[in-house]
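Here is the structure we will look at, set down as structure tokens.
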Amino acid sequence: MKPKFWKLSQGTREFDLRDIIESINSGLVYVHKDTRGKGTSSTSQAEDFISAAIGDYFYLTHGNEGIYLLGQFVGPANLFSKYGDGWLEREFKFIFASNNSNFYSGEHKWWAPNDNSTFTRVPEHELSLFEEEILRPYFEVTLNEFGL
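Structure below.
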């Protein structure tokens, strides 16, 4: 199975730092059901969050305030969460903590922290750029470590 990588941003308007820490501690991440798709996408970001496979990887960011962890989904999306009406949650396994507290200043991509997106897949043809911009500087890992 070829792993997929996603950006997951719990935005600064909806989540404060305490919420992010609680999210990490509880092993749960959140996306609102009304989160729209990017551009002309036929699916919403919420639908992508629901349909992302168990075993897919994501990095968690808080807007562009910081990249906190690399996680792996271990269960399906739950339609009920502590945040109430409309908030979806998914359980994850903590894989790596970020070792870099710098703001992301790299290339602007939908999957990058500097884009106003919530849950966006890293396209296969951009995995080497993802490795260069996110995996190496924030987690000190390479795609080889994921079998790619």
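Note that UniProt numbering has the sequence shown beginning at 1, numbered continuously upward. Where is the CB? At the ideal position from N, CA and C, for every residue including glycine. From a predicted model like this one, the values you see are computed outputs, not experimental measurements.
Extent of the continuous beta strand (DSSP E) run through residue i
i: A97; result: 87-97
i: K7; result: 5-9
i: G71; result: 67-73
i: H108; result: Looking at the DSSP string, H108 is not in any beta strand (DSSP E), and its letter there is neither H nor E.
i: F58; result: 57-61
i: Y30; result: 28-32
Under the three-state DSSP convention, the category residue i falls into
i: R18; result: helix
i: S117; result: coil
i: F103; result: coil
i: L79; result: coil
i: L148; result: coil
i: P137; result: helix
i: I24; result: helix
Burial state of residue i (16 or more Cβ within 10 Å)
i: S119; result: In the sequence as presented, Ser is not what sits at residue 119; that position holds Phe. By the neighbour-count rule (16 or more Cβ atoms within 10 Å), F119 is buried.
i: F80; result: exposed
i: D85; result: exposed
i: L88; result: buried
i: T40; result: exposed
i: S51; result: exposed
Boundaries (first-last residue) of the alpha helix (DSSP H) holding residue i
i: S51; result: 45-51
i: F130; result: 127-130
Beta carbon of residue i nearer than 8 Å to that of residue j
i: L28; j: L60; result: no
i: V141; j: F103; result: no
i: K33; j: A53; result: no
i: F49; j: V31; result: yes
i: S105; j: K38; result: no
i: F58; j: N99; result: no
i: L129; j: E145; result: no
Cβ of residue i within 8 Å of any chain B Cβ
i: D19; result: Looking for chain B here will not work: only one protein chain is present.
Inset, instruction - Could you tell me whether the region 125-139 touches the region 102-112, using the rule of 3 or more Cβ pairs below 8 Å? - result: yes
Inset, instruction - State whether the region 65-77 contacts the region 20-33, with contact taken as three or more CB pairs (one from each stretch) at a distance under 8 Å. - result: yes
Legend entry - Validate contact between the region 68-78 and the region 92-99 using beta carbons, cut 8 Å, 3 pairs: yes
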